[in-house]
Amino acid sequence: MSAHRVVVLLLEPVIGFDAAIAPTLFGAASSPEGAPLYEVLTCGLTADPVLANTGFAMIPAAGAEALATADTVVVPGTRYQPARVDGRLEPQVADALAAIPATARVVSICTGAFVLAAAGLLDGRPATTHWQHADTLRALYPRVLLDENVLFVDDGDVLTSAGLAAGIDLCLHIIRRDHGTQVANAVARYCVVPPWREGGQAQFIESHLPIDDFASTAATRTWAAQNLHEPLTIGRLAEHAGMSTRTFIRRFREETGQPPGEWIRNRRIDRARELLEGHDLSVDEVARRSGLGSGGNLRHHLRRGLGMSPSSYRKVFAGHDR
56 MSAHRVVVLL
66 LEPVIGFDAA
76 IAPTLFGAAS
86 SPEGAPLYEV
96 LTCGLTADPV
106 LANTGFAMIP
116 AAGAEALATA
126 DTVVVPGTRY
136 QPARVDGRLE
146 PQVADALAAI
156 PATARVVSIC
166 TGAFVLAAAG
176 LLDGRPATTH
186 WQHADTLRAL
196 YPRVLLDENV
206 LFVDDGDVLT
216 SAGLAAGIDL
226 CLHIIRRDHG
236 TQVANAVARY
246 CVVPPWREGG
256 QAQFIESHLP
266 IDDFASTAAT
276 RTWAAQNLHE
286 PLTIGRLAEH
296 AGMSTRTFIR
306 RFREETGQPP
316 GEWIRNRRID
326 RARELLEGHD
336 LSVDEVARRS
346 GLGSGGNLRH
356 HLRRGLGMSP
366 SSYRKVFAGH
376 DR
C-alpha cells in the first residue's frame, strides 16, 4: 500500500512554526520495519515561494493541484487577511479548497481554522483556534461551535487545534489514532516533546482575576497518573492536594480545562491502549491495571471513543490475535 498522503497548504503570510509541524511529525512516523507511514507534501496556491510572518519565505513542493491528491489536508496558521477581516475567501483560495477530495481528512492549526470556517467546513461542528482570536472567529462565523479552552478538537474527518504548539498535540493525536500509541510515542521521543499534554488553553490564557494562593494540582495529577489502577475519587484527589473538594475541582479545571473525573478517565483509556499494544494481557487484566475495572467497561470506552473492541484494537495496532 502507498503511504497516506498529507498535503500542507501554505497560505501567505503563513505562520512559519505552524507550517513546519505537520511535515516534521508526519515525516517522522514509520512502521516497525522503518517504512514511512505518511508521504508529506507542501503546496501553495502556486509553486512560488510563500512569505512567512517572521521574515523568511518557504518554497512549496507543489501548487494547489496537489490538494486533489490528498488523503489529509493540513492548513497551518496564517495571517491570510480576507478570511480574518470580512470572513470571505478569495476565489483562488476557494477553488483550491473545493478540489480537496470528499474522502480526505481536513486539519487546521491555529488560525488555519479561519480558512476552514470561511469555506463552510466548520458549520455546525465543534472546533477551536488560538484563544486570542476566538472572539473574532466567533463573530465572523457564528455557526461554528467554538471552544477556545481546549488544545484540539477531533470531529472525525475535520480536526482543529489551538495556537502554535497545540498543532504538535493534534498531529501526535492523529498519528496515535491512525497507527497507535507506540508509533506516536516514538515520534514524540524523536521530536523531544511529551506524547500528550495535560489540559487546555485555559491554563495559558491571561487571567485578570486575583489568585488567592499558589497551590497547584500538578503534583496530584502526576501521582494519579502513576496510580490509575487504584480508586481515585474526587475526595481522595483533593486530600492528596491538601485542598477542599470545592477548591480542588475549581483549581483542576483552571489548570487543565477538564473536570477531574474526565481527566482521570482519559488517562485510564490512554493506559489501556498502551497495555493492549505492548503486552499480551487479557482484556480483564488490562482493564484492572488501567483502573477501568472490568473488561466490559473497557470495551464500552473503546467502542465509544474509537469504534472498535479491545481485540480489534490490538489486532490493528499490535498484531496480536487475542
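The numbering used here numbers the first residue of the sequence shown as 56 and each following residue consecutively.
Just so you know, even glycine gets a beta-carbon here, dropped at the ideal spot from N, CA and C.
In this text the structure is predicted, and so the values were computed from the model without any measurement.
Query: Would you check if the distance between the CB atom of I289 and the CB atom of I304 is smaller than 8 Å?; Result: yes
Query: Cα-Cα, which of Q281, A149, A75 is closest to P131?; Result: A75
Query: Measuring straight from C-alpha to C-alpha, what distance separates A116 and R160?; Result: 20 Å
Query: Considering only residues of the same chain and omitting the five flanking positions on each side of F81, which have a CB-CB separation below 6 Å?; Result: V61, Y93, V95
Query: How many Å lie between K370 and H234 at the Cα?; Result: 11 Å
Query: Would V148 and L177 be called neighbours here (beta carbons separated by less than 8 Å)?; Result: no
Query: Does DSSP put Y245 in a helix, a strand or coil?; Result: helix
Query: Tell me whether A84 sits in a helix, a strand or coil according to DSSP, three-state version.; Result: coil
Query: Can you tell me whether V69 is buried or exposed? The criterion is at least 16 other CB atoms within 10 Å of its CB, across all chains shown.; Result: buried
Query: What's the C-alpha gap between A424 and G316?; Result: Here the chain has residues from 56 to 377 only, and residue 424 is not among them.
Query: Let me check understanding here. Comparing Cα to Cα, which of G142, E145, E120, L287 lies closest to A154?; Result: E120
Query: Considering only residues of the stretch 255 to 328, which uninterrupted beta strand (DSSP E) runs meet the minimum length of 3 residues and lie entirely inside it, listed in chain order?; Result: none
Query: If I follow the unbroken beta strand (DSSP E) through F207, where does it start and stop?; Result: 207 to 209
Query: Beta carbon of L331, beta carbon of Y368: below 8 Å?; Result: yes
Query: By Cβ distance below 7 Å, which residues in the same chain neighbour P265 in space, the five residues on each side in sequence not counted?; Result: Bear in mind that the predicted position of P265 carries a pLDDT of just 40, short of 50, making it unreliable; the figure below should be weighed with that in mind. Cβ within range, chain order: n/a, list empty.
Query: According to DSSP, R134 sits in a beta bridge with which residue or residues?; Result: Answer is none; R134 lacks a bridge partner.
Query: Hey, E203 and A189 are a contact pair by Cβ (cut 8 Å); roughly how many whole angstroms apart?; Result: 4 Å
Query: Does the Cβ-Cβ distance between L192 and F169 come in under 8 Å?; Result: yes
Query: Quick check: the Cα distance between D224 and W251, rounded to an integer number of angstroms?; Result: 6 Å
Query: Does the beta-carbon distance from R231 to A239 come in below 8 Å?; Result: yes
Query: According to the neighbour-count rule (16 or more other Cβ atoms, all chains shown, within 10 Å of its Cβ), is L277 buried or exposed?; Result: The question names Leu, but residue 277 is Thr in the sequence shown. Exposed.
Query: Quick one: residues in its chain with C-beta nearer than 8 Å to the C-beta of T300, no 5 flanking neighbours on either side, listed in chain order?; Result: I289, G290, A293
Query: Starting from T215, trace the beta strand (DSSP E) both ways and give me its first and last residue.; Result: 213 to 216
Query: Should S86 go down as buried or exposed, given a rule of 16 or more other Cβ atoms within 10 Å for buried?; Result: exposed
Query: Considering only residues of the same chain and omitting the five flanking positions on each side of D210, which have a CB-CB separation below 6 Å?; Result: R180, P181
Query: Of the residues D325, E340, T302, F111, which one's Cα is nearest the Cα of Q237?; Result: D325
Query: Exposed or buried, which one is R308 when buried takes at least 16 other CB atoms within 10 Å?; Result: buried
Query: What's the gap between the Cα of R323 and the Cα of R354?; Result: 13 Å
Query: DSSP on C165, reduced to helix/strand/coil?; Result: coil
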